[in-house]
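In this note's numbering, the protein residues as written are 8 to 432.
Positions of the beta carbon are idealized from the N, C-alpha and C atoms, including for glycine.
If you're wondering where the values come from, they're calculated on a predicted model, not measured in any experiment.
Reading through the C-alpha cells given below for one structure.
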C-alpha cells in the first residue's frame with residue numbers, strides 16, 4: 008500500500024476480482040465510476056445481521072451528497088424552468104427561445120459552462136474574442152438573476168452549494184474508510200475536496216492499472232499498459248442455425264483445450280440460434296409511446312391555430328394527426344371521415360372552423376371542444392385534469408411501466424407549480 012497526498016493507492020491486474028478482494032463485512036463507504044459496477048459490487052456484499060451497513064454510491068451521487076444546505080435542493084429537471092423565467096425579451100430573442108420547451112439545450116450549456124469553471128477552479132476564461140466576451144457577460148448577467156430568483160423562492164442548487172463551500176460530511180460520520188474503485192477522472196475541485204476529507208477519513212483508491220501508469224501526485228493517468236493477449240477468440244457464423252450448433256459441438260468434442268461459448272446476451276442478432284427462444288421487451292422511452300405522440304400532435308395543432316381569435320384547426324396538421332391509430336380510436340374516426348379530410352385538402356381548404364366541422368366532420372367536435380378548453384386553462388392543475396381525461400383510455404393499452412412513468416410526469420408538473428418555480432404557463 009502506497010501513500011501520498013494523504014491518499015492511499017493500491018493497484019491490481021485485470022484478472023483480479025476487485026469486488027471480491029476489497030468489499031468486506033466491515034462498515035465502509037464504497038464509490039464506483041458507474042451504476043453497473045455498483046450493482047455488481049452489491050452481489051459481493053454480505054453483511055452480518057443487525058450490524059452496521061456499508062454505504063454504496065456512484066461517483067455522481069457521492070459528489071451531490073457532499074454538499075448540503077438548510078434550503079431545499081432543487082432537482083436538475085426543474086432548474087431550466089427557473090432559468091427561462093428570468094430571461095428578458097431581448098435575451099429570448101437572441102437565444103431563439105420562444106417557450107419553455109426551447110430552454111433545455113441552452114440550459115445544459117449554461118450550467119455546463121459554470122460547472123466547468125467551478126470544477127477547474129477558473130474565475131474566468133482569458134483571451135476571448137469580443138463576441139465571445141459578449142456571450143460570457145450575458146451568461147453572468149443571467150446567472151445573477153437566476154440565483155436571485157432561487158433565493159427568493161427559498162431553494163438552492165448544486166452550483167450554489169459548491170460556490171458557498173457547504174461541505175457536508177455528516178452522512179459519512181459513522182465510517183472511517185472510503186474506497187474509490189477505478190476512478191481516474193479527478194477535477195481540481197474534487198481533488199481539493201478529497202484532500203480536505205483525508206484529514207478525517209482513510210481514503211483508498213483501488214485501480215486496475217500498473218503503478219507506473221498513474222501519477223499519484225496529479226491524480227491522473229499518464230500511460231496505459233494493456234495485458235498481453237493470451238486468449239484466442241474466433242467469431243463464426245453459419246447460414247443454418249442447426250449447422251452452427253452442430254459445428255460447435257463437434258469442435259468442442261475434438262478440441263484439445265477448453266472451448267467457451269460466449270452468450271451474446273441481449274445482442275440477439277449475434278446469437279441467431281437463441282433468437283427464436285428469447286422474448287426481449289426493449290426499453291421504450293415515454294416520447295416513443297403512442298400516448299405521448301398523440302398529446303404532442305394535439306399540442307402542435309393548438310399552436311398552429313392559437314393566434315386566431317377563434318378556434319381554427321389546420322387541415323394539414325389534422326391530416327397528419329388522423330394517421331395515428333390512437334387518435335382514430337379516441338374519436339372513433341371512420342374511413343369515410345378520413346376521406347372527407349382528404350377531399351377538403353384537395354379543394355384547397357386550409358383551416359376548419361366550428362361551422363365547417365358541424366356540417367362536414369361532426370366527429371371532430373370533441374377535438375374542437377378540447378382545443379377550446381386548452382385556451383381557458385390558467386393553472387397546471389387544470390391542464391393535468393384535461394390531459395388525464397384524454398389519456399385514461401389510452402393508458403389501458405400501455406405497459407404498466409409506461410403508465411406509471413406518464414403519471415409520474417403529471418405529478419412532477421403539479422409539484423413545479425405548487426413550488427412556485429413557474430409563475431405563468
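What three-state label does DSSP hand residue 213 in the structure shown? Against the chain shown, residue 213 aligns to sequence position 206. Correct three-state label for residue 213: strand.
In whole angstroms, give me the CA-to-CA distance for residue 433 and residue 147. Outside the modelled stretch of the chain, which goes from 8 to 432, sits residue 433, for which no answer is possible.
What residue from 216, 145, 299 and 87 has the CA that sits closest to residue 190's CA? On the chain shown, position 183 is the one that residue 190 refers to. Considering only alpha carbons, the answer is 216.
Measuring only the C-alpha atoms, how far is residue 162 from residue 95? Here residue 162 corresponds to residue number 155 of the chain shown, with the count starting at 1. Here residue 95 corresponds to residue number 88 of the chain shown, with the count starting at 1. Here the alpha carbon of residue 162 sits roughly 21 Å from the alpha carbon of residue 95.
Given 8 Å as the limit, is there contact between the stretch 359 to 369 and the stretch 303 to 322, that is, 3 or more CB pairs closer than that? Segments in contact, yes.
Beta carbon of residue 446, beta carbon of residue 338: below 9 Å? Residue 446 is absent from the structure shown; the chain starts at 8 and stops at 432.
One question on the structure: do residue 301 and residue 334 come within less than 9 Å of each other, judged by their Cβ atoms? Taking the first residue of the chain shown as position 1, residue 301 is located at position 294. Taking the first residue of the chain shown as position 1, residue 334 is located at position 327. Yes, the pair counts as a contact, with Cβ atoms nearer than the cut-off.
In terms of residue numbering, what span does the beta strand (DSSP E) encompassing residue 186 cover? The residue labelled residue 186 in the question sits at position 179 within the chain shown. Counting along the chain, the unbroken beta strand (DSSP E) around residue 186 starts and ends at 184 to 188.
Apart from the five residues on each side of it in sequence, which residues of its chain come closer than 6 Å, Cβ to Cβ, to residue 272? Along the chain shown, read from residue 1 onward, the residue named residue 272 stands at position 265. Its pLDDT being 43, under 50, residue 272 is placed unreliably in this model, and the value from its coordinates should be taken loosely. Closer than 6 Å at the Cβ level, and outside the excluded window around residue 272, lies no residue.
Could you tell me which of 149, 60 and 135 sits nearest to residue 102, measuring between CA atoms? Position 95 of the chain shown, counting from 1, holds the residue named residue 102. If we check each option's Cα against that of residue 102, 149 comes out closest.
Taking only beta-carbon positions, decide if residue 33 is within less than 9 Å of chain E. Of the chains in the structure shown, none is chain E; there is only one protein chain.
Counting along the chain, where does the alpha helix (DSSP H) carrying residue 307 start and finish? If you number the chain shown from 1, residue 307 lands on position 300. Per DSSP, residue 307 belongs to the alpha helix (DSSP H) from 297 to 312.
Which same chain residues end up closer than 8 Å to residue 209 when comparing Cβ atoms and leaving out the 5 residues on each side of it in sequence? Indexing the chain shown from 1 puts residue 209 at position 202. Only 15, 183, 184 and 185 meet the Cβ criterion.
Residues bridged to residue 17 [DSSP beta-bridge criterion]: Numbered from 1 along the chain shown, position 10 holds the residue referred to as residue 17. According to DSSP, residue 17 bridges with 213.
I need the boundaries of the alpha helix (DSSP H) containing residue 39, first residue and last residue. Reading the chain shown from its first residue, position 32 is the one you call residue 39. It is not in any alpha helix (DSSP H) - residue 39 instead sits in the beta strand (DSSP E) that spans 36 to 39.
Assign residue 359 to one of three DSSP states: helix, strand, or coil. Taking the first residue of the chain shown as 1, we reach residue 359 at position 352. Strand at residue 359.
At the level of alpha carbons, what is the spacing between residue 48 and residue 26? Within the chain shown, residue 48 is the residue found at index 41, counting from 1. Within the chain shown, residue 26 is the residue found at index 19, counting from 1. Note on geometry: alpha-carbon atoms of residue 48 and residue 26 lie some 6 Å from one another.
Considering only C-alpha positions, which residue in the set 226, 199, 219 and 134 is nearest to residue 212? Counting from 1 along the chain shown, the entry for residue 212 is found at position 205. Check the Cα spacing between residue 212 and each of 226, 199, 219 and 134: the tightest is with 226.
Per DSSP, which residues does residue 163 bridge with? Please list them. Start at 1 with the first residue of the chain shown, and residue 163 comes out as number 156. In DSSP, residue 163 forms a bridge with 80.
Measure the alpha-carbon distance for residue 140 versus residue 187 and round it to whole angstroms. Walking along the chain shown from the start, residue 140 turns up at place 133. Walking along the chain shown from the start, residue 187 turns up at place 180. C-alpha separation (whole angstroms): 39 Å.
Report buried or exposed for residue 167, applying the criterion of at least 16 other Cβ atoms within 10 angstroms of its Cβ. Start at 1 with the first residue of the chain shown, and residue 167 comes out as number 160. Burial check for residue 167: the Cβ neighbour count within 10 Å reaches 16 or more, so the residue is buried.
Secondary structure at residue 321, three-state DSSP: helix, strand or coil? Within the chain shown, the letter at position 314 stands for residue 321. Note: residue 321 maps to strand in three-state DSSP.
Cβ pair residue 68, residue 125 closer than 9 Å: The sequence position of residue 68 within the chain shown is 61, counting from 1. The sequence position of residue 125 within the chain shown is 118, counting from 1. Taking 9 Å as the Cβ cut-off, residue 68 and residue 125 do not qualify as a contacting pair.
Hey, residue 55 and residue 32: beta-carbon distance below 9 Å or not? As a working note, residue 55 is residue 48 in the chain shown. As a working note, residue 32 is residue 25 in the chain shown. For residue 55 and residue 32, yes; Cβs fall inside 9 Å.
DSSP puts residue 228 in a beta bridge; with which residues? Residue mapping note: residue 228 aligns to position 221 of the chain shown, counting from 1. Per DSSP, 221.
Residue 65 lies in the beta strand (DSSP E); which residues open and close that run? Counted from its first residue, the chain shown places residue 65 at position 58. Per DSSP, residue 65 belongs to the beta strand (DSSP E) from 62 to 65.
Candidates 41, 350, 343 and 315, of which the one nearest residue 378 by Cα: Residue numbering aside, residue 378 sits at position 371 when the chain shown is read from its first letter. Selected option, being the one with the closest Cα: 315.
Burial state of residue 36 (16 or more Cβ within 10 Å): Position 29 of the chain shown, counting from 1, holds the residue named residue 36. Its Cβ being crowded by 16 or more others within 10 Å, residue 36 is buried.
Enumerate in chain order the residues of its own chain whose CB-to-CB distance from residue 50 is below 8 Å, with the five nearest sequence positions on each side excluded. Residue 50 sits at position 43 when you count from the first residue of the chain shown. Here residue 50 has 26 as same chain residues with Cβ atoms under 8 Å from its own Cβ, once five neighbours each way along the sequence are excluded.
Which residue's Cα is closest to the Cα of residue 342: 355, 370 and 203? For the purposes of this step, residue 342 is taken as the residue at position 335 of the chain shown. The shortest CA-to-CA distance from residue 342 to any of 355, 370 and 203 is the one to 370.
Residues near residue 193 by beta carbon distance below 6 Å, same chain, minus five either side: The residue given as residue 193 occupies position 186 in the chain shown. Shown here for residue 193: same chain residues with a beta carbon closer than 6 Å to its own, the five before and five after excluded, namely 226 in chain order.
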